[in-house]
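**Q** One structure is given below, represented as structure tokens, and several questions about it will come after.
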Amino acid sequence: MGPVGWEVARPRGVGRVAGVAMAGFRVPGVEAGGLRVVPHPAVMLIVEFGPGGSVVEDAAGRAQRGSLVAGVGFGAGGGVRGRGEDVRCVQVRLSPLDAPRLLGAPAGELGGAMTALEDLWGPEGTRLRERLAEIPSWQGRFAAVDALLARRRAAPGARPAAVDPEVAWAWHRIVAGQGRVRVEELAAEVGWSRKRLWARFQAQTGLPPKRAARLVRFDRAAHRLVTGGAPARVAAAGGYADQSHLHRDVMAFAGVTPAGVTAERFLAVDEFAWPGAAGAAGAPGAAGAALTRPPAAARRSRPGR
């Protein structure tokens, strides 16, 4: 059982698809003001299956009921809220590098917005929701989601193109560096111009590389704050220029001060749902086989080049 009366479940063992993290939630109810969605450096998939339901509303007043998919950094600015009664769902976090094969659309098409699961998966999304409602245990539900993701990953036929090796390298470097990397360095490592890396990275992940680095750094800092870290120490450890710099970033992403972010329930739940995965983008951020050297260096080492 997680905080604030939430039931939180985790899969036992490792799934068949690398770079995917899952958790199950049963939330009795949410007050009228709703829960603030705190942005995370992963694509978010929520499959609802219970008798109740939820509504997620963004800062522009657009509302999405039921199962949804949201892009990297969804909730930035603090204006996204969720509410509902007796909500039961499986939440999946995955790297934007895996989105094309698993979701059927590049993460760049999602941007930082949300869309209905059925809009991406059609009847397959409806069947999954109905199947989860029939399964009596969390472990059985996790197995069903894992099996579907494995089938989608291996399915023959048309799938959106995978991300460029250069973009994958840059994403892994941002995650491994906890957001403390410079775009100029990434561009030099992959042998691209800064402009080209910026454009391709944003098209394929949904964020420009500099903002992705800020999001990864914010995520680690926010979790440190939640676990009791003093803002000055969190700022120093996270590579911020000073405490005011941390304050500005936390306000920009979460819509609250560093002191206020410690009360955000979505962050508190992470300790139960994804223990040890907070910061550094969690398991999804490091999805897939990490590259051992920049793509530019790999190309130069090929025979005949």
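Numbering follows full-length UniProt numbering, in which position 276 of the sequence shown is assigned residue number 276; successive positions increment by one, without gaps.
In this text, a Cβ means the ideal position worked out from N, Cα and C, and glycines have one as well.
Name the two residues that bound the continuous alpha helix (DSSP H) containing Gln204.
**A** Counting along the chain, the alpha helix (DSSP H) containing Gln204 begins and ends at Arg194 to Thr205.
**Q** Does the separation of the CB atoms of Gly66 and Gly53 fall below 8 Å?
**A** Yes, the Cβ-Cβ distance between Gly66 and Gly53 is below 8 Å.
**Q** Closest Cβ-Cβ distance between Pro156 and chain D: below 8 Å?
**A** In the structure shown, chain D does not exist; there is a single protein chain.
**Q** With a 10 Å radius around its C-beta and 16 neighbouring C-beta atoms as the bar for buried, classify Thr205 as buried or exposed.
**A** Classification of Thr205: buried, given that the 10 Å Cβ count is 16 or more.
**Q** Alpha carbon to alpha carbon, how far is Pro156 from Thr227? Give it in angstroms, no decimals.
**A** When rounded, the distance between both Cα atoms is 45 Å.
**Q** When the Cα of Gly238 is compared with those of Ala9, Val20, Val181 and Ser193, which residue comes out closest?
**A** Out of Ala9, Val20, Val181 and Ser193, Val181 has the C-alpha closest to the C-alpha of Gly238.
**Q** Just how far apart, CA to CA, sit Trp138 and Ser244?
**A** Answer to the nearest angstrom: the Cα atoms are 43 Å apart.
**Q** If you drop the 5 nearest sequence neighbours on each side, which residues of the same chain put their C-beta closer than 7 Å to that of Pro258?
**A** Leu225, Pro231, Leu246, His247 and Val250, listed in sequence order.
**Q** Which runs of the alpha helix (DSSP H), 4 residues or longer, sit entirely within the stretch 45-106?
**A** If we require 4 residues or more, the alpha helix (DSSP H) runs fully inside the stretch 45-106 come out as 99-103.
**Q** What is the rounded straight-line gap between the Cα of Glu264 and the Cα of Arg36?
**A** Between Glu264 and Arg36, the C-alpha separation is close to 7 Å.
**Q** Whether or not the stretch 9-26 and the stretch 143-155 are in contact is what I'm after, with contact meaning three or more pairs of Cβ atoms, one per stretch, closer than 8 Å; do they touch?
**A** As far as the Cβ criterion goes, the stretch 143-155 touches the stretch 9-26, which means the pair count is three or higher.
**Q** In chain order, what residues of the same chain have a beta carbon less than 6 Å from the beta carbon of Ser301, not counting five sequence neighbours either side?
**A** Note that Ser301 scores a pLDDT of 47, beneath 50, so its modelled location is shaky; the value from the coordinates is reported in the next line. For Ser301, where only same-chain residues beyond five positions count, there are no Cβ hits under 6 Å.
**Q** If you draw a straight line from the C-alpha of Pro28 to the C-alpha of Gly108, how long is it?
**A** Pro28 and Gly108: Cα-Cα distance of roughly 34 Å.
**Q** Can you name the start and end residues of the beta strand (DSSP E) that Gly24 belongs to?
**A** It spans Val20 to Gly29 - the beta strand (DSSP E) in which Gly24 sits, taken as one unbroken run.
**Q** Would you tell me roughly how many angstroms separate the C-alpha atoms of Ala133 and Trp192, rounded to the nearest one?
**A** Cα to Cα, Ala133 sits roughly 48 Å from Trp192.
**Q** By DSSP, does Val216 sit in helix, in strand, or in coil?
**A** Helix at Val216.
**Q** So which of His172, Asp270 and Ala59 has the shortest CA-CA distance to Pro295?
**A** Closest by alpha carbon: His172.
**Q** Could you check what DSSP says for Ala113 in three-state terms: helix, strand or coil?
**A** Correct three-state label for Ala113: coil.
**Q** Met114 and Phe142 look like a contact to me (Cβ under 8 Å); what is the Cβ gap, rounded to whole Å?
**A** Contact flag wrong, Cβ pair sits at about 23 Å.
**Q** If I follow the unbroken alpha helix (DSSP H) through Val190, where does it start and stop?
**A** Segment Val183 to Val190, the alpha helix (DSSP H) holding Val190.
**Q** Give me the Cα-Cα distance between Gly78 and Phe218, rounded to the nearest whole angstrom.
**A** Near 13 Å, if we compare the C-alpha coordinates of Phe218 and Gly78.
**Q** Where does Val43 fall in DSSP's three states?
**A** In the structure shown, Val43 sits in a strand (DSSP, three-state: E or B).
**Q** Leaving out the 5 sequence neighbours to the left and right, which residues in its chain are closer than 8 Å to Val55 when beta-carbon positions are compared?
**A** Once the five neighbours on either side are set aside, the close Cβ partners of Val55 are Ala63, Gln64, Arg65, Gly82, Arg83 and Gly84.
**Q** Between Ala254 and Glu166, what straight-line distance do the alpha-carbon atoms span, to the nearest angstrom?
**A** Rounded to the nearest angstrom, the two C-alpha atoms are 30 Å apart.
**Q** DSSP on Val14, reduced to helix/strand/coil?
**A** Val14 falls in the coil class under three-state DSSP.
**Q** Does DSSP put Arg180 in a helix, in a strand, or in coil?
**A** Note: Arg180 maps to coil in three-state DSSP.
**Q** Where Val163 and Ala99 are concerned, what is the direct C-alpha to C-alpha distance, given to the nearest angstrom?
**A** One C-alpha to the other measures close to 9 Å.
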